[in-house]
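K.L.:
Structure in structure tokens, see below.
Residue numbers (our numbering): 1 to 336.
See the structure below:
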């Protein structure tokens, strides 16, 4: 007697149980692009702005004699410290295409329209491309045709003692050495390490303010690790167990161990873990009021010709990064 079993049904018209669900696990936030203000529309691929500085304060031992007149040597040029800063934008582009049958005939689980879903993905991918370029250690580049496009100067180059060379940042406005921490590691970063960066920024601006810091996951763990142990080196102990103290309701079943905000003597830093930093142990100290994204072309969708192969779409944007004055930015470039 023949019997039809469930395994044998696979070749006899058994339908697949395919849920109407497609899961994307690579959902990364873009903190800098999201937080930065949008500047005015660009009118050129090379765009400029000016930075200025106050003259040095008068020495306490100097003064003005009552009744004295101003001489030719007393006049000061009000634009003596003014300098032009410039940079290039970058053209960002993504495209997608599906065949006629893939769009019109196929019934795909979780997808009402392959073209619409592909376009939605490309818009997000364009945003991620922009965040990567903003956070990169990349100098600017001039479009020379062929395979040499415009490139955006990334934050890793803006916040640097040299500032890159295309275009060059005026020497007087390059980020000072004290604003950039390179000697510590994520394993031995201390409160003083962070405080010293904030102090150096304060010495430039004289302003205690709130900063935002996109940072890699390893650096984030290193900063949270500041709470792991505090050992007074003056006691002469060469090794000691880590001691952690918690003030928490014993009935509370939630355990919290993280640092999201660092408040120091010379400012506050809000931490934003990012997957788009050049390295997992990098972080940028950003005064967001001194940073903006300027667009020559806002992100838009363009319909490309369909010559029979199927519908195609392109998403495109042209944008540049404006760092008003690199003197008041900071960086953690820990190397490990």
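Ideal placement from N, C-alpha and C gives every residue a C-beta, glycine not left out.
Between the C-alpha atoms of residue 305 and residue 328, what's the straight-line distance to the nearest angstrom?
P.N.:
When rounded, the distance between both Cα atoms is 48 Å.
K.L.:
My parser needs the alpha helix (DSSP H) runs of 4 or more residues fully inside the segment 154-195; what are they?
P.N.:
If we require 4 residues or more, the alpha helix (DSSP H) runs fully inside the segment 154-195 come out as 155-158.
K.L.:
Using beta-carbon positions only, say whether residue 126 and residue 311 come within less than 8 Å of one another.
P.N.:
Going by C-beta atoms, residue 126 is not nearer than 8 Å to residue 311.
K.L.:
Can the beta-carbon of residue 287 be found less than 8 Å from the beta-carbon of residue 211?
P.N.:
Cβ atoms of residue 287 and residue 211: closer than 8 Å.
K.L.:
With the cut-off set at 8 Å, would you say residue 218 and residue 128 are in Cβ contact?
P.N.:
No, Cβ-Cβ distance for residue 218 and residue 128 is not below 8 Å.
K.L.:
I need the straight-line Cα distance from residue 63 to residue 197, nearest angstrom please.
P.N.:
Near 35 Å, if we compare the C-alpha coordinates of residue 197 and residue 63.
K.L.:
So the beta strand (DSSP E) residue 91 belongs to, where does it begin and stop?
P.N.:
From DSSP, the beta strand (DSSP E) with residue 91 extends over 90-97.
K.L.:
Which ranges does the beta strand (DSSP E) cover as unbroken runs of at least 3 residues, wholly within the segment 283-325, from first to last along the chain?
P.N.:
Correct list: 291-304 and 312-323.
K.L.:
Are at least three pairs of beta-carbons, each pair with one atom in the segment 51-69 and one in the segment 78-85, less than 8 Å apart?
P.N.:
Short answer: they touch.
K.L.:
Using CA coordinates, which residue listed in 109, 98 and 224 is at the minimum distance from residue 116?
P.N.:
Nearest of 109, 98 and 224 to residue 116, Cα basis: 98.
K.L.:
I believe residue 213 touches residue 283 by the beta-carbon criterion, under 8 Å. Please report the beta-carbon distance rounded to the nearest angstrom.
P.N.:
So it is a contact: roughly 5 Å between Cβ atoms.
K.L.:
Quick one: grab the DSSP three-state call for residue 340.
P.N.:
The chain is shown from 1 up to 336; residue 340 falls before or after that span and cannot be answered.
K.L.:
Mind checking whether residue 143 and residue 150 have CB atoms under 8 Å apart?
P.N.:
Cβ distance < 8 Å, so residue 143 and residue 150 count as in contact.
K.L.:
Could you tell me whether the segment 99-111 touches the segment 60-76, where touching means 3 or more Cβ pairs closer than 8 Å?
P.N.:
Touching, no.
K.L.:
Just reading off the beta strand (DSSP E) that residue 264 is part of, what are its end residues?
P.N.:
261-264 is the extent of the beta strand (DSSP E) around residue 264.
K.L.:
Measure the alpha-carbon distance for residue 260 versus residue 216 and round it to whole angstroms.
P.N.:
Answer to the nearest angstrom: the Cα atoms are 13 Å apart.
K.L.:
What separation, rounded to the nearest whole angstrom, lies between the Cα atoms of residue 320 and residue 171?
P.N.:
Going from the Cα of residue 320 to the Cα of residue 171 covers about 21 Å.
K.L.:
With DSSP run on the structure shown, which of helix, strand or coil describes residue 46?
P.N.:
DSSP places residue 46 in strand when its eight states are reduced to three.
K.L.:
Give me, in chain order, the residues of the same chain whose beta-carbon lies closer than 6 Å to that of residue 222; leave out the 5 immediate sequence neighbours on both sides.
P.N.:
For residue 222, where only same-chain residues beyond five positions count, the Cβ hits under 6 Å are 186 and 189.
K.L.:
By Cβ distance, which residues of its chain are closer than 8 Å to residue 232, with the 5 residues on each side in sequence left out?
P.N.:
With a pLDDT of only 44 at residue 232, under 50, the local geometry of the prediction cannot be trusted, and no value is derived from it.
K.L.:
Taking C-beta to C-beta, are residue 159 and residue 278 nearer than 8 Å?
P.N.:
Not a contact, by the Cβ cut-off of 8 Å.
K.L.:
State the start and end residues of the unbroken beta strand (DSSP E) segment that holds residue 118.
P.N.:
Where residue 118 is concerned, there is no enclosing beta strand (DSSP E), although the alpha helix (DSSP H) it sits in stretches over 114-135.
K.L.:
So residue 215 is in the beta strand (DSSP E); what residue range does that whole segment cover?
P.N.:
Its beta strand (DSSP E) spans residues 209-215.
K.L.:
For residue 162 and residue 177, I'd like the C-alpha separation in whole angstroms.
P.N.:
Computed Cα separation, rounded: 10 Å.
K.L.:
Determine the direct distance from the alpha carbon of residue 273 to that of residue 225, and round the result to whole angstroms.
P.N.:
Going from the Cα of residue 225 to the Cα of residue 273 covers about 15 Å.
K.L.:
Would you kindly work out how many angstroms separate the C-alpha atoms of residue 318 and residue 72, rounded to a whole number?
P.N.:
Taking the straight line from one Cα to the other gives about 49 Å.
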